[in-house]
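Q: Everything in the sequence shown is counted per my numbering, starting at 15 for the first residue and increasing by one.
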Amino acid sequence: GGGGGRGGGGEPQWARDGRSIYYLQGGSIYTLAIGGGGGDTSAPASTGAAAGRGGGRGGRGAPSPKAATTTTTTGAGPRRIDFSVRMVIDIAAERKQVFEEAWRVMKNRYYDPKMHGTNWAAAKDKYEALLGNIADSEELDNVVIEMIGEINSSHTGMSGGGRLPGEENAVERIQTRYPGFDMAPDTSGYYKVSYIYRKGPADHDYVKLAAGDYILAVNGKELKTSENYWKLFNILPEKKFEFVVNSKPTMAGSWTIDLQPLTSAAQSDLEYSRWVDERAEMVKKLSGGDIGYLHIKAMDAPSLAKFERDLLDNQDKKALIIDERFNGGGQIADYIVENLKRPQTNFFSTRYGDAFSTPQNQIFGPKAMIINEYAGSGGDAMSWLFRQRGVGQLIGKRTWGGLVGIFGFPPLIDGGMVTAPNLAFWSLKGEWDVENHGVAPDIEVEFDPAAVRAGHDPQLEKAVEVLLADLKQHPLPVYKKPPFPNYHREEPATTGGGK
C-alpha cells in the first residue's frame with residue numbers, strides 16, 4: 015500500500031466510538047483520529063476487511079487459498095493497520111462474474127444503445143456457454159473480446175486482473191535490458207558497435223566507446239557471433255552492464271565500461287528519436303533545406319509542446335511536412351490543425367536583425383501530411399481535420415479508422431478492465447465519416463519494404479516532391495519593408511533682427 019496514508023483515500027468508515035475513521039488506500043487500511051493527534055491506538059491490530067483478491071484469474075481448477083499481508087506504519091497522522099486475510103476463491107464463479115460484469119459495462123456504457131444492431135442478449139448466451147471450457151485468464155479475455163467483437167467497434171477490449179495490489183512487484187524478475195547501442199556481426203567472430211543512440215547511456219564523453227569498437231564480453235561472459243547476445247542482456251533489476259571493449263578483436267589492450275541499462279520503453283524512445291532525426295535529414299537533403307519536417311507521435315500534451323518546439327526549429331523553411339504515421343491518438347488534433355491554418359497578417363521590425371511575422375512560430379508556405387494505416391483515433395481526427403480545413407494534401411495510406419473515444423471505467427471484480435467506447439464522432443453533414451472507414455490519402459503511396467531496406471522512405475519522398483512542385487508553381491510572396499516614416503517638420507525660415 016501507499017506510505018503514510020496521504021492522498022486518494024477511499025471508502026471512509028467511522029469507528030464504533032466515533033473518535034476515528036478508517037479508509038482504504040493502495041490496498042491497505044488506515045485509521046485517522048478525529049480532532050487531532052495520532053492514530054486511533056485503540057484500533058484492533060487485525061481486521062477481517064479484505065485486503066484485495068486472493069485466487070485471481072490466473073488460477074486453474076478447484077478454488078485455491080491465497081494470503082495478503084501488509085505492514086504497519088506508526089506515528090502522527092494516519093496509521094496503517096496490520097492485517098492478514100486469507101480468501102478462498104471459486105474460480106469458476108469468479109470467471110462467470112467477470113464475464114457478466116464485462117457484458118453489463120458494454121450494454122450500459124457503449125455510445126450506441128442499439129449496439130450497432132447486435133443482439134446483445136443473444137451474444138451473452140452464445141459466449142457464456144464457453145466459460146466451462148476455458149483454462150486461464152487469457153482464455154477468459156479472449157472469450158469476452160470475441161463477444162465484444164460482434165459489435166464491430168474500435169477502442170474495445172479487455173485486459174488485466176488476477177493480482178493483488180503490489181503483487182506484480184513482489185518478486186524480482188529477470189528482464190531484457192538495452193545498452194544504448196546497436197551491434198553488428200563481424201568476420202572476426204565478434205560483434206562490433208554499429209550505432210550509438212543519441213542521449214543514451216553510451217552517449218557520454220566519459221564512456222570510452224565508439225562505432226566500430228568490438229564488444230568482447232558482457233557481464234563476465236565472452237560474446238561471439240555464434241551466440242545470441244540477447245540472452246546476455248537478460249538481467250535482474252538494478253544491475254548494470256559491464257562490457258569488455260577493444261578497438262581490435264582481441265582481449266589484449268581491451269578495457270571495461272559500465273553502463274546503466276535501459277528499459278524497453280526507454281529504448282523505444284531512443285529508437286523513435288533516431289527515426290525522426292533520419293526523416294528530417296532526408297527532407298533536408300532532398301529539398302536543399304527549403305522544406306521543414308516534424309513528426310507528431312500522439313495527440314497529448316507532451317506532443318503538443320513538442321509540435322510547437324518543432325515549428326520554431328523550422329522557422330526558416332518555405333514549406334512543411336507534417337508526419338503523423340503511427341500516431342497513437344488523443345485529443346489535440348484541432349489545436350494542431352488550427353495552428354497550421356493561421357494566415358500571415360503582418361511583420362514587426364526591430365532596430366537590429368531581421369523582421370519577423372505574425373503569427374509567430376508559423377510556416378506560411380505549402381504543407382503536406384503523411385498518413386498511414388497505423389495512425390488512428392486522434393490520428394484519424396487530425397488527418398480528417400487537415401483535409402476539412404484545407405491545410406494541404408494527405409500522402410500515404412488510409413488511416414486506421416478508429417475515431418471513437420473512451421473514458422475511465424471502474425475495474426471488474428478481479429481488477430481487470432473492459433473498455434466501452436462512449437464517445438462517437440460524426441460530421442456537420444450528419445455522417446459517421448471515419449469510424450471503420452479511416453481517412454483516405456489524396457496521393458496513395460505504399461511503404462514498400464524493398465525500398466525501405468535500400469534506405470528510402472517512399473511516402474516521405476513523395477511529400478517532398480509534391481511540395482517542391484508547389485513551391486515552383488506558386489513561389490512565395492516577397493515582402494519589402496517600407497522606409498521608416500519621417501515625422502520631422504521643417505520650421506519656417508526667419509530673418510535676423512528679431513527679439
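Glycine is no exception: its CB is placed at the ideal position from the N, C-alpha and C atoms. On a predicted model such as this, the values are computed, not experimentally measured, just so you know.
Out of PHE361, GLY444, LEU308, PRO199, point me to the one whose CA is closest to ALA382's CA.
A: Among PHE361, GLY444, LEU308, PRO199, the Cα nearest to that of ALA382 belongs to LEU308.
Q: Kindly indicate the opening and closing residues of the beta strand (DSSP E) around ILE9.
A: Look at the range of the chain in this structure, 15 to 513, and you will see that residue 9 is not part of it.
Q: Within a Cβ cutoff of 6 Å, which residues of the same chain sit near ALA279, ignoring the five residues on either side of it in sequence?
A: If we look at ALA279 and ignore the five residues flanking it on each side, it has no Cβ neighbours.
Q: Would you decide whether PHE370 is buried or exposed? Buried here means 16 or more other CB atoms lie within 10 Å of its CB.
A: Classification of PHE370: exposed, given that the 10 Å Cβ count is below 16.
Q: In whole angstroms, what separates the C-alpha of MET101 from that of GLY342?
A: Each residue's alpha carbon lies about 40 Å from the other.
Q: Where does ASN500 sit, in a helix, a strand or coil, going by DSSP?
A: In the structure shown, ASN500 sits in coil (DSSP, three-state: anything other than H, G, I, E or B).
Q: If contacts are defined as beta-carbon pairs under 8 Å, then ILE249 and PRO275 qualify, I think. What distance do you get, rounded to the angstrom?
A: About 6 Å; that satisfies the 8 Å criterion.
Q: Should TYR220 be labelled buried (16 or more other beta-carbon atoms within 10 Å of its own) or exposed?
A: Result: exposed.
Q: Where does THR86 fall in DSSP's three states?
A: With a pLDDT of only 43 at THR86, under the threshold of 50, the placement of this residue in the model should not be trusted, and no figure is reported.
Q: Determine the DSSP secondary structure at VAL221, reduced to helix, strand or coil.
A: Here VAL221 sits in coil by DSSP.
Q: For PRO489, does the three-state DSSP call read helix, strand or coil?
A: Looking at PRO489 - three-state DSSP - the assignment turns out to be coil, as it is neither helix nor strand.
Q: In chain order, what residues of the same chain have a beta carbon less than 6 Å from the beta carbon of SER238, not counting five sequence neighbours either side?
A: Here the sequence assigns Lys to residue 238, which means Ser is not the residue at that position. Within the same chain, LYS238 has close Cβ partners GLY203.
Q: Where in the region 393 to 457 do unbroken runs of the beta strand (DSSP E), each at least 3 residues long, occur, reported from the N-terminal end onward?
A: Runs of the beta strand (DSSP E) inside the region 393 to 457: 406 to 410, 430 to 433.
Q: Compare the beta carbon distance of THR372 and ASN360 with 8 Å and say whether it is the shorter of the two.
A: Contact: yes.
Q: Check whether the region 376 to 390 and the region 405 to 412 touch, using three or more Cβ-Cβ pairs below 8 Å as the test.
A: At 8 Å Cβ cutoff, the stretches touch.
Q: Go ahead and label GLY392 buried or exposed: buried means 16 or more other beta carbons lie within 10 angstroms of its beta carbon, across all protein chains shown.
A: By the neighbour-count rule (16 or more Cβ atoms within 10 Å), GLY392 is buried.
Q: Using 10 angstroms around the beta-carbon of TRP414, count the other beta-carbons present and answer buried if the total reaches 16, otherwise exposed.
A: Counting Cβ neighbours within 10 Å, TRP414 comes out buried, since at least 16 surround it.
Q: Between GLN345 and MET313, which are expected to be in contact by the criterion C-beta below 8 Å, what is the C-beta distance as a whole number of angstroms?
A: Contact flag correct, Cβ pair sits at about 6 Å.
Q: Straight-line CA distance for ARG212 to LYS138?
A: Each residue's alpha carbon lies about 52 Å from the other.
Q: DSSP three-state call for LEU354: helix, strand or coil?
A: It is helical.
Q: Taking only three categories from DSSP, how would you classify HIS309?
A: DSSP places HIS309 in strand when its eight states are reduced to three.
Q: For PHE362, write down the residues that DSSP places opposite it in a beta bridge.
A: Answer is PHE370.
Q: Below 8 Å on the Cβ atoms is my contact criterion, and I expect VAL453 with PRO472 to pass it. Report the Cβ-Cβ distance as a whole number of Å.
A: The Cβ separation is near 19 Å, so there is no contact.
Q: Quick check on the DSSP output: the alpha helix (DSSP H) that includes ASP283 runs from which residue to which?
A: Where ASP283 is concerned, the enclosing alpha helix (DSSP H) stretches over 278 to 301.
Q: Pick helix, strand or coil for ARG20, following the three-state DSSP scheme.
A: With a pLDDT of 43 at ARG20, under the threshold of 50, the modelled position of that residue is not reliable, and no figure is offered here.
Q: What residue range does the alpha helix (DSSP H) around ARG323 cover?
A: Element bounds for ARG323: 315 to 327.
Q: Quick check: what's the CA-CA separation for ALA357 versus PHE378?
A: Inspection of the sequence shows that residue 357 is occupied by Pro rather than by Ala. When rounded, the distance between both Cα atoms is 7 Å.
Q: Among ARG33, ASP200, ASN436, GLY429, which has the Cα closest to the Cα of GLY40?
A: Minimum Cα distance to GLY40 is reached at GLY429.
Q: Note down the Cα distance separating ALA389 from ALA136, rounded to an integer number of angstroms.
A: Going by the C-alpha atoms only, they are around 34 Å apart.
Q: Under DSSP, the beta strand (DSSP E) around ILE335 begins and ends at which residues?
A: Taken as a continuous stretch (DSSP letters only), the beta strand (DSSP E) holding ILE335 covers 333 to 337.
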